[in-house]
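Peer 1: Heads up, the sequence shown is in our numbering, so the first residue is 604 and it goes up one at a time. Glycine included, each C-beta is placed from N, C-alpha and C at the ideal position. I'd like to ask you about the structure that follows.
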Amino acid sequence: MIEDSIKERLKHEIVGILLIAVGVFLFLSLVSYHPMDPSFFSYTSSKIKGIHNWMGIVGAYLSGLLFQGFGFPSFLLSFVLVVFAFSFIFRWEWEYLSLKIAGWAVILISTSSLFGLWLSPVRIYSQDLLMGGFIGEIFSRNLVRYFNRPGATILLLMILILSFVLGTGISFISLVKHLGEALQKLIGKIGTFKMVRREGAERERKLVKQKQEKKEAKEVPPTVVIEKPSLPSKREEEMKQEAFEFLEPSKAFQLPPISLLEAEVEKRQKIDRESLIMNSRILEKKLLDYGVEGKVVEVRPGPVITVYEFEPAPGVKVSRIVNLADDLALALSALSIRIVAPIPGKAVVGVEVPNKNRETVYLKEIIDSDPFRTFKSKLSFGLGKDISGESFVVDLARMPHLLVAGSTGSGKSVSINAIICSILFKAAPDEVRFLMIDPKMLELSDYEGIPHLLLPVVTHPKKAAAALRWLVEEMERRYTVLAEKGVRNIEHYHQRMEKELKEKGKVYKRKGDVLEGNEEKVTEPMERLAYIVVVIDELADLMMISS
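Structure follows, in structure tokens:
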């Protein structure tokens, strides 16, 4: 009896090990399937050295048969073989073994049919492979013919559940019950974990809040830096202009007085220090809520935005502050904010918040400011004010080709008029000349008759083209004049002439070609080269009409 039981146990173990080996062999064959390998469904070469499958030609034929027949559900076979192997090794008592094998066979067919019903073919190594194989495709097509896709799906799911119960012997109701209990336990554990985490975060927040309150009691409020911009002077002074001694100055012309411009300086908004300090505290608290420690060290209010300089604590990444832009805008009741991380030259992060009441920047304030008065270039113009309220002045000579574009109402006309007026308040007609082209006769007609115009405002497209051609010729002529003097721009040209005037006492302009061994000089005074500024309104329309 004992010997019989030992023989029986050995027999079961041998069968189990063989089934495990077959299952692993089958699994590796399916994993390494290649459609170019020889199989029952292809006529490729049968040379073994060209086989891609890991299990050789046997694996190629086996995987080809299963994949072409049942598709991806073929992997269930390797799983079933391993399950049966363990049943033999541990001698599980399975009744009605033939019914269980039939149940797993039905599971394979129904799964292949579901794959063929709902999944499209997949492309493997440039060849299409049916997800459910030929068997799944045949069953799914016939079921759809009689039940349509929803009905066929319900029928296949029902068959799958019944075959699962038949193949495993597990009650479907008890399985659902156990799954429900496991899910309920999982939800309970997740809820407990969240509650413990919430309580820990609450305790930590209270400790941080207590430390912060103690710290704030000792802290000094942030410094509010109010940079007073240059205000228009009470006594209107004429702009001083530089004159070149070697040229005859224009005595009849005087720069226009600043009083021609309007400004409402008396309505300037007062800065509420308490409000700025309160916003600083809100900013610090909101950042602390997200684990970002630090303090606002300075506040710089401007005409349009206010900059809060936030100094983060050591170890705080700047990227964390940048990612909180929307949350900070919500906390400060602002439409949007901009974070400058970091401010160049400082170990702080700038938080730019729009002011609730924006100030109007008038051109008079810019022209009568120190930055504009001290700017040497005759082509300087004011663009507005920076975030600290200081006038922002640039040189048009450094940007000779300026294109102003934007939608209706975005300020194109205001900017063009500001540029022209800035130059008119800075330069005399013998220093800067204008060529204005306005095909629509809307924007530039107000400048008709000013002494700075080379020509009356050009409104006809053909005349505009002729004027621009003349301008190109004038530019080439000036290149020649500058080349004769060995200079690169008008400013250096005037400096050269001034130097020659001091050295020789008289400056002449050379005309004609210089012959070899003979330099003919004409006693004609050197001409002054004034800057020429071309202003074109609606350039796109002019280009279409002229073309």
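1) Evaluate TRP1073 with the Cβ neighbour count: other Cβ atoms within 10 Å of its Cβ, from every protein chain shown; 16 or more gives buried, anything less gives exposed.
2) Considering only their Cβ atoms, is the gap separating ILE990 from GLY905 smaller than 8 Å?
3) Say whether the stretch 630-646 touches the stretch 663-675, bearing in mind that this needs 3 or more beta-carbon pairs closer than 8 Å, one atom from each stretch.
4) Could you tell me the alpha carbon to alpha carbon distance between MET881 and VAL779, rounded to whole angstroms?
5) Quick check on the DSSP output: the alpha helix (DSSP H) that includes GLU740 runs from which residue to which?
6) Look up MET881 in the DSSP assignment and say whether it is helix, strand or coil.
7) Might you give, ordered along the chain, the residues of its own chain that have their beta carbon closer than 7 Å to the beta carbon of ILE692, omitting 5 neighbours on each side?
8) DSSP state of THR977, grouped into three classes?
9) Provide the residue(s) that pair with THR909 in DSSP beta bridges, ordered along the chain.
10) Rounded to whole angstroms, what's the CA-CA distance from LEU759 to LEU890? Just pull it up for me.
11) MET639: which of ARG726, SER883, VAL954 sits nearest, CA to CA?
12) Mapping DSSP to helix, strand and coil, what is VAL1017?
13) Can you look up ILE727 in the DSSP assignment and give me helix, strand or coil?
14) Note down, in chain order, each residue of its chain lying with its Cβ closer than 7 Å to the Cβ of LEU850, except the 5 sequence neighbours on either side.
15) If the criterion is Cβ atoms closer than 8 Å, does the pair GLU914 and ALA950 meet it?
16) Please report the distance separating the alpha-carbon of ILE946 from that of LYS812.
17) How would you write the range of the alpha helix (DSSP H) that SER701 sits in, first residue to last?
18) I'd like the list of long-range same chain contacts for GLY770, defined as Cβ closer than 7 Å, with 5 residues on each side in sequence excluded.
19) Start and end of the beta strand (DSSP E) containing ARG1081?
20) Sorted by chain position, which residues of the same chain lie with C-beta nearer than 6 Å to VAL987's C-beta, five sequence neighbours on each side aside?
21) Taking its Cβ as the centre, do 16 or more other Cβ atoms sit within 10 Å of ALA1086, making it buried, or is it exposed?
22) Using a 10 Å radius around the Cβ and a threshold of 16 neighbouring Cβ atoms, would you call MET658 buried or exposed?
23) Grab me the residues of SER723's own chain with a C-beta within less than 6 Å of its C-beta, minus the 5 sequence neighbours each way, in chain order.
24) By a C-beta neighbour count over all protein chains shown, 10 Å radius and 16 as the cutoff for buried, is ALA624 buried or exposed?
25) Measuring CA to CA, which of ILE1022, ILE712, LEU622 is closest to PHE687?
26) Would a C-beta distance cut-off of 8 Å place GLY674 and SER715 closer than the cut-off?
27) Am I right that VAL925 and ALA944 are in contact with their C-beta atoms under 8 Å? What's the rounded C-beta distance?
28) Tell me whether the beta-carbon of VAL1035 lies closer than 8 Å to the beta-carbon of SER1018.
29) Apply the 10 Å Cβ neighbour rule to PRO860 and answer buried if 16 or more other Cβ atoms are within range, or exposed otherwise.
30) What does the alpha-carbon distance come out to for the pair LEU1027 and LEU858?
31) With a threshold of 6 Å on Cβ separation, who are the neighbours of ILE1148 within its own chain once the five nearest residues in sequence on each side are excluded?
Peer 2: Looking at the coordinates:
1) When all chains shown are included, TRP1073 counts as exposed.
2) Against a cut-off of 8 Å, the Cβ pair of ILE990 and GLY905 comes out as a contact.
3) Counting Cβ pairs under 8 Å, three or more are found: they touch.
4) Our two residues, MET881 and VAL779, have alpha carbons roughly 59 Å apart in a direct line.
5) It spans 736-771 - the alpha helix (DSSP H) in which GLU740 sits, taken as one unbroken run.
6) DSSP places MET881 in the helix class (H, G or I) of the three-state scheme.
7) Scanning its chain for C-beta atoms nearer than 7 Å, with the 5 sequence neighbours on each side dropped, one finds around ILE692 the residues HIS615, GLU616, GLY619, in chain order.
8) Coil.
9) According to DSSP, which records beta bridges pairwise, THR909 is partnered with PRO904, VAL956.
10) For the pair LEU759 and LEU890, the Cα-to-Cα distance works out to about 56 Å.
11) Out of ARG726, SER883, VAL954, ARG726 has the C-alpha closest to the C-alpha of MET639.
12) Note: VAL1017 maps to helix in three-state DSSP.
13) For ILE727, the secondary structure class from DSSP, reduced to helix, strand or coil, is strand.
14) Caution is warranted here: a pLDDT of 38 is assigned to LEU850, below 50, making its placement in the model unreliable, and the coordinate value is therefore given only provisionally. Taking LEU850 as the centre and dropping the five residues before and after it, the same chain places the C-beta of ARG1131 closer than 7 Å to its C-beta, in chain order.
15) Yes. Within cutoff.
16) Approximately 28 Å, taken between the alpha carbons.
17) 700-721 is the extent of the alpha helix (DSSP H) around SER701.
18) Beyond the five residues adjoining it in sequence on each side, GLY770 comes within less than 7 Å, by CB distance, of LYS703, GLY706, TRP707, ILE710 in the same chain, given in chain order.
19) Counting along the chain, no beta strand (DSSP E) covers ARG1081; the unbroken alpha helix (DSSP H) around it starts and ends at 1064-1088.
20) Here the sequence assigns Gly to residue 987, which means Val is not the residue at that position. Sequence-distant partners of GLY987 (beyond 5 residues in either direction) whose C-beta falls short of 6 Å from its own C-beta, in its chain, are VAL964, PHE995.
21) With fewer than 16 other Cβ atoms from the protein chains shown falling within 10 Å of its own Cβ, ALA1086 counts as exposed.
22) Answer is buried; the Cβ neighbour count reaches 16.
23) None.
24) With fewer than 16 other Cβ atoms from the protein chains shown falling within 10 Å of its own Cβ, ALA624 counts as exposed.
25) With respect to the C-alpha of PHE687, the residue from ILE1022, ILE712, LEU622 having the closest C-alpha is LEU622.
26) Yes, the Cβ-Cβ distance between GLY674 and SER715 is below 8 Å.
27) Yes, they are in contact, since the Cβ atoms of VAL925 and ALA944 sit about 5 Å apart, within 8 Å.
28) Not a contact, by the Cβ cut-off of 8 Å.
29) Of the residues assessed, PRO860 falls on the exposed side of the cut-off, its CB having fewer than 16 other CB atoms within 10 angstroms.
30) Roughly 8 Å separates the two Cα atoms.
31) Cβ neighbours of ILE1148 beyond the five flanking positions: PRO1064.
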